[in-house]
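The sequence shown begins at 859 in the numbering used here and counts up by one. Glycine is no exception: its CB is placed at the ideal position from the N, C-alpha and C atoms. As the structure is a computational prediction, the values presented were derived from the model and not from experiment. In what follows, a single structure is set out as structure tokens and then discussed.
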Amino acid sequence: MEIKKQTNLRGELTVPGDKSISHRAVMFGSLAQGTTKITHFLEGADCLSTISCFRKMGIDIERNASEILVHGKGLHGLSAPSETLDVGNSGTTTRLISGILAGQSFTSELNGDASIQSRPMKRIMTPLLSMGADIVSLRGNGCAPLRITGKPLHAAHYQSPVASAQVKSCVLLAGMYADGITSVTEPVLSRNHTELMLNGFGANVQTEIHSDGSATASILPCEELYGQKILVPGDISSAAYFIAAGLLTPGSEILLKNVGINPTRDGMLRVCKAMGADITLLNASTEGEPTADLLIRTSSLHGTTVEGEIIPTLIDEIPMIAVMAAFAEGTTVIRDAQELKVKESDRIAVVTEGLKRMGTDIQPTDDGMIIHGGKPLHGAEINSYLDHRIAMSFAVAGTICDGTLTIKDGDCVKISYPEFYEDLYSLGK
Ligand code: S3P
């Protein structure tokens, strides 16, 4: 994929639906009584993997141009799949569905692509095993493929060492099938879409934020979920590429419509502001998931420090923030972000490799990176390592830098943003 240089980004854009919310809408809709109608669903490969898994368990899911209809069969209505559930590249599908499968009355197997087969699953196996689940890593390496034999589950408390919405959601979903109150404490509050949406479907989830910043989510055993209408907001993780492009590209003014700004996801906006960004929130709405239109104007950016509690709220945006930091004046330090090493690629290593190739002075650290920005950057050959967020972050870099930037396996953007390149070229000159 060869990236074209751009100037003067102008106009409006509606980014695709939120990936985390789209996954959950299909999952909870499948477990609900009645039909769930999902509007602005993300038609990315990851969410399509979730649809395919639930279809294999007997759920009728209709896709038409404007919405998805999930004809749920209730909490105990899934049927045993006759083949392995293919989760593709999707960590969210793997970890959330495992919590659901642990409480069923059948055995199932999950597998996905090479990236999924190297991502850590012990983080969900440990709490599920403590609830009495039968979950096995078939190669004994703590990764997929996984075999899960449904069992009666016991309520448990899990103290998670990582702030991970996937781990938290897995435990809460298993907790729906348990014999008492199940809870999970994480060191910092991670995205809370599961808690919000499950309550909307009729479950009983409570959240407590403790004085040290840690957070506990608890769920009661669940009798029934009820089908809902879900309007999926634009994904702030997809908006991030256009926020960065608008800020960094000379002569730009772009309006990103209806972007989700849930405070557990909005860290990118706060970091941009700290870097000197001109971003205005318009038409803010707090009905359901909070949303706003984001007006982005070209800004001269300076370095900042990104650390601590903000990290889970921008974890997927760090590759883009690192690229922004390379163009900004001064030094940016990113720390407390060890989780980057176990995403779709090792994002500390891969971002460092790409930015070094473009001429950036960057040092990887054990939990982040140190970027000395402001040097002129040049085009290069960038390996995406099949990681959609790496491809999109460097595509934005390629629209700004001098010379030609090419991205190996650039079509991996289809995981979360199939129309990314069309949208990228729709705004500029
Ligand atoms: C997600 C949670 C995050 C995030 C991922 C989506 C979710 O992962 O990086 O892209 O939808 O719950 P972790 O839970 O591993 O932090």
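- Here the segment 1182 to 1199 makes contact with the segment 1149 to 1167; the two share three or more CB pairs at distances below 8 angstroms.
- Distance from the CA of Asn1050 to the CA of Lys877, rounded to the nearest whole angstrom, comes to 13 angstroms.
- In the three-state scheme derived from DSSP, where H, G and I count as helix and E and B as strand, Ile1258 is classed as helix.
- In this chain, the alpha helix (DSSP H) harbouring Gly1058 covers 1051 to 1058.
- The C-alpha of Ile1228 lies about 6 angstroms from the C-alpha of Ile1220.
- No Cβ-Cβ contact shorter than 8 angstroms links Ser1096 with Pro1276.
- Close CB contacts of Gly1134 within its chain, under the 7 angstroms cut and outside five residues either way in sequence, are with Ser1157, Ser1158, Leu1159, His1160 (chain order).
- The C-beta distance from Gly869 to Ile1112 rounds to 6 angstroms, short enough to fall under 8 angstroms.
- If you check the CB distance, Gly1231 and Ala1184 come in under 8 angstroms.
- Residue nearest to Leu906 within the set His934, Ser940, Thr952, Gly998 is Thr952 (criterion: CA-CA distance).
- As DSSP reads the structure, Met1227 sits in a beta bridge with Ile1192, Pro1222.
- The residue among Thr1218, Ile879, Thr1074, Asn866 with its C-alpha nearest the C-alpha of Gly1058 is Ile879.
- Bounds of any alpha helix (DSSP H) do not take in Tyr1016; it lies within the beta strand (DSSP E) bounded by 1015 to 1017.
- The shortest C-alpha to C-alpha distance from Leu1235 to any of Ile1248, Thr1262, Met1250 is the one to Thr1262.
- By the Cβ rule, the segment 970 to 980 counts as touching the segment 998 to 1014, because three or more pairs are nearer than 8 angstroms.
- Its chain contains Ala1013 as the residues whose beta carbon lies nearer than 6 angstroms to that of Gly1038, once the 5 sequence neighbours on both sides are disregarded; these appear in chain order.
- The beta carbon of Ile926 lies closer than 6 angstroms to those of Ile896, Phe899 in the same chain, with the five residues before and after it left out.
- Using a Cβ distance threshold of 8 angstroms, Lys1201 and Asn1241 do not count as a contacting pair.
- Beta-bridge annotation (DSSP): Val994 is paired with Arg1005.
- Relative to Thr950, the option among Leu871, Lys931, Ala903 whose CA is nearest is Ala903.
- The three-state secondary structure of Arg977, taken from DSSP, is coil.
- The continuous alpha helix (DSSP H) containing Val1208 extends over residues 1205 to 1215.
- Taken in chain order, the complete beta strand (DSSP E) segments of 3 or more residues contained in the segment 1115 to 1166 are 1136 to 1143, 1149 to 1155.
- For the pair of segments examined, the segment 913 to 933 was found to touch the segment 1067 to 1086: the number of CB pairs separated by less than 8 angstroms reaches three.
- Of all C-beta pairs linking the segment 917 to 924 to the segment 938 to 945, fewer than three are shorter than 8 angstroms, placing the two stretches out of contact.
- In this structure, Ser1041 and Thr1074 form a Cβ contact; the two beta carbons are roughly 5 angstroms apart against a cut-off of 8 angstroms.
- Partner residues in the beta bridge of Asn1241, as assigned by DSSP, are Lys1266.
- Bridge partners of Glu1280 according to DSSP: none are assigned.
- The shortest C-alpha to C-alpha distance from Leu1047 to any of Ser1072, Arg913, Ala1180, Thr984 is the one to Ser1072.
- Distances from the CB of Val1025 to the heavy atoms of the ligand S3P include at least one below 7 angstroms.
- Under the DSSP assignment, Val884 falls in the alpha helix (DSSP H) whose first and last residues are 877 to 889.
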